[in-house]
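Residue numbers (UniProt numbering): 1 to 939.
Each residue gets a CB set at the ideal place from its N, CA and C atoms; glycine is no exception.
Right, here's the structure in full:
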């Protein structure tokens, strides 16, 4: 076998020669990363070494025989990552590189087909103890591989060429082979991460021996390598990795054309534009002139934070492009707390009047967590299995996961879990963070146990990737200021002024909350029956603050899905007989729209009726017309016209329900309907979970919020009187404590609020109530400034003093314990969920049938395309419910439910499958009787 016959992997036509693959990976790493090149063994040199040697182990005779289908020996001898890791460490050391660089390269290559390891433990327990006893251990193979290479001159020649190309004329095969044979290389690596603990090969792993930024450097190399490796092996043209920016000028033109309905809204728009211009000019200038890692953008809810944040981010992007002399404009990452908010926020980018962005283009990516339900078993983590040949990648999925677009809309989970012990696939997006501008929308929603780790990971973003962070919220947490890891700068010079000029609501703290934690006063939660009656009274007997104000409307935010269902029932019970639940009408419209005859479309989702049309048809079926005329599909948006009732069918009250158990497709329709129904001549009540608190531009006259962290309460209040429809301070926000929906006399400990929040912080509800009593002058007619600028900061201070943030997570980063870090999700692991695709209409059933057929027939490209098309039908349910109540529901890929590989998502037919139901008038998908925790939106 000649040098040019050493291949990386087989393929149709000519096999992919290893030398060509290594050349290509190296070149791609150097292009997609921005590595400094100012010293002898620079970042760029190390990246090049990693590229050249990551597949060095493929020169072994065993691997070459395996990929040709000619090997029948011990499978471990076909593995290639470990030998490549040894080679890279040795070459870097020979070139005089820093120990941090050598260790980062070792970890990167050692696990480049799996997950980054706990470095010290991995080196000692997985490698050192086995390789030092290579003749006795089944988990040793590197030393043996060196001997087999040496027995084949052509393989040894190839190894020599790769080592010299990666390093210098001194880094030859003969010298590397000697370092492996005499054990000096193994001892060198072991000494860098452990102490000798006695006689024989006994060593204690000790992360204190290497720099605490070793992990930071490793994930940068790891991300560049995995993306370069997969795109090369997958034959993805390098041109497909280029990004296209969304233009800021388009947003400027859009904002310039916005109009107001009255003088108050016009004044509000002027303040929004003043904030946008202040952040764009003064804020950006201050941030660029400082050494700050984080720019804090603090604005009241409803004062245009999204547009201000995007304007600031795009301006910074353009400045970085010019000042850093970049080849292309870097990515803007817009990160939100929850997946459901992504589905609502993406419409801003896809708006034909704004960017009209295609979410699968080089300009815009929506990274939906559905793509992460595909699991592949890593083959080089254990001692058995086949050699990884780099041929598993799907081009479109890979590019989507790698965030190779100008703007990315994603979640906190996708962003931070890619920095925290990333898997091979999660690491693909890391290179997109180079020079990126990252907007954290509502950072206070980050789990508080992560509050010590987040600033540490932001330091990684700033130091390693030269990324810039914008923390954007109405209620800035003491998240970054309390850490020594980050420097912050305010982007608005006088945020207080914006709060003074945007006073929309007054708060009332119900006695059920005011008494919490007060030993002298009994706490009596409000039953759902009483709460339903109070809400109906508020909207049916409510008085308008001005003649031009809309009819009374109310938003009631519950802490659990079970609570929202029960409150919906009691509102309906308290109302008169001519009340209408929107879900009933919409369900009829949806079924009619999806009842068309099956067609031969490759993708039935192409026949889905768009949300605007579904909402329009629902309004018409309710008995509404636009300006007295019947609407047509080609007409303007339903929110841009005046809707009026047919007087013969006008109800006394309209009710709707909204939570995360509705499919994204239906949530978008319900948001459009609610936007119209808050403006018509009929009282309207929307009962929701936290799903409505962020990223939803709705405005109600009144808001009722079950007690929650104060920042969540302020978020709910942001859905009240957003454009002063009910006048200055004309909105009313009530904070109460709802009782257990099934056992109203069960006491405080059984309330939905206790189930959701008490596990987060000890005595959390009492802490919230005590903060309110201490910071507010009374429990009624509370000024908005008192709540947002006094009570909320005091609450965050109290949380900080509780020291609930896990210092262990931060230690995992410093100590390069990547496996431990990766096992700690931002989402609580004690209540896992399962994804379900829910088909309600004939068209949707046809889509799931074609999806299953494609998987069953082995047509995986089509199957994954259809899976992405079905994302609008996806929702999550507790894994317990899926295991107990949905036993008859098949997986979308038709594999057995226990099969570890494949698509871990169920395909539910609402007409066929038992054990569950999907009802638009009763809270969405029901798998089983939810307990309070299972009904949490935030899970």
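Per the coordinates, the alpha-carbon of residue 716 lies some 11 Å from the alpha-carbon of residue 302.
Contact between residue 515 and residue 522 holds: their C-beta atoms lie close to 7 Å from each other, under 8 Å. By the CB criterion at 8 Å, residue 176 and residue 52 fall outside the cutoff. Short of 7 Å from the beta carbon of residue 65, and not among the five residues preceding or following it, lie these beta carbons of its own chain, in chain order: 71.
It is roughly 17 Å from the alpha-carbon of residue 103 to the alpha-carbon of residue 56.
Residue 231 is classed as buried because its beta carbon has at least 16 other beta carbons within 10 Å across all chains shown.
Contact between residue 848 and residue 892 holds: CB atoms are separated by about 7 Å, below the 8 Å threshold.
Residue 874: not part of any alpha helix (DSSP H); member of the beta strand (DSSP E) spanning 874 to 878, first to last residue. In the three-state reduction of the DSSP assignment, residue 303 falls in the coil class, being assigned neither a helical nor a strand state. In the same chain as residue 576, and ignoring 5 residues on each side of it, the C-beta atoms closer than 8 Å to its own belong to 652 and 653, in chain order. Boundaries of the alpha helix (DSSP H) around residue 465: 453 to 465. Spanning the alpha carbons of residue 638 and residue 612 requires a straight line of approximately 7 Å.
Taking 8 Å as the upper bound for CB-CB distance, residue 223 and residue 332 are not in contact here, some 18 Å apart. The continuous alpha helix (DSSP H) containing residue 664 extends over residues 664 to 677. In this structure, the CA atom of residue 552 is about 7 Å from the CA atom of residue 684.
With a cutoff of 8 Å on beta-carbon distance, residue 894 and residue 855 are scored as near each other.
Sixteen is the threshold: when 16 or more other Cβ atoms of the shown chains lie within 10 Å of the Cβ of residue 61, as they do, the residue is buried. Secondary structure of residue 576 (DSSP, three-state): coil. Listed in chain order, the non-local C-beta contacts of residue 927 below 6 Å within the same chain comprise 877, 881, 885, 886 and 916, local neighbours out to five positions each way being set aside. A direct Cα-to-Cα measurement between residue 921 and residue 584 gives close to 5 Å.
Per DSSP, the beta bridge partners of residue 7 are 17. Look at the beta carbons and you see the segment 640 to 647 not touching the segment 556 to 568: under three pairs across the two are nearer than 8 Å.
A check of alpha carbon separations from residue 467 across 198, 34 and 588 identifies 34 as the nearest. Residue range 153 to 166 is occupied by the alpha helix (DSSP H) that includes residue 161.
Exclusion of the five residues before and after residue 580 leaves 622, 651, 653, 654 and 655 as the residues of its chain whose Cβ lies within less than 8 Å of its Cβ. The beta carbon of residue 144 sits closer than 7 Å to the beta carbons of 77 and 134 from its chain, once the five residues preceding and following it are set aside; these are given in chain order.
Residue 333 is bridged by DSSP to 408 and 438. In terms of Cα proximity to residue 743, the closest of 297, 427, 341 and 566 is 566. Close CB contacts of residue 246 within its chain, under the 6 Å cut and outside five residues either way in sequence, are with 355, 363, 406 and 407 (chain order).
If you draw a straight line from the Cα of residue 341 to the Cα of residue 446, it is about 14 Å long. Between residue 746 and residue 775, the CB-CB gap reaches or exceeds 8 Å. Taking residue 292 as the centre and dropping the five residues before and after it, the same chain places the C-beta of 487, 488 and 489 closer than 6 Å to its C-beta, in chain order.
Per DSSP, the continuous beta strand (DSSP E) segment holding residue 294 begins and ends at 294 to 298. Between residue 464 and residue 425, the C-beta spacing is not below 8 Å.
Under the three-state reduction of DSSP, residue 918 is assigned to strand. In the displayed model, residue 713 falls within a helix according to three-state DSSP.
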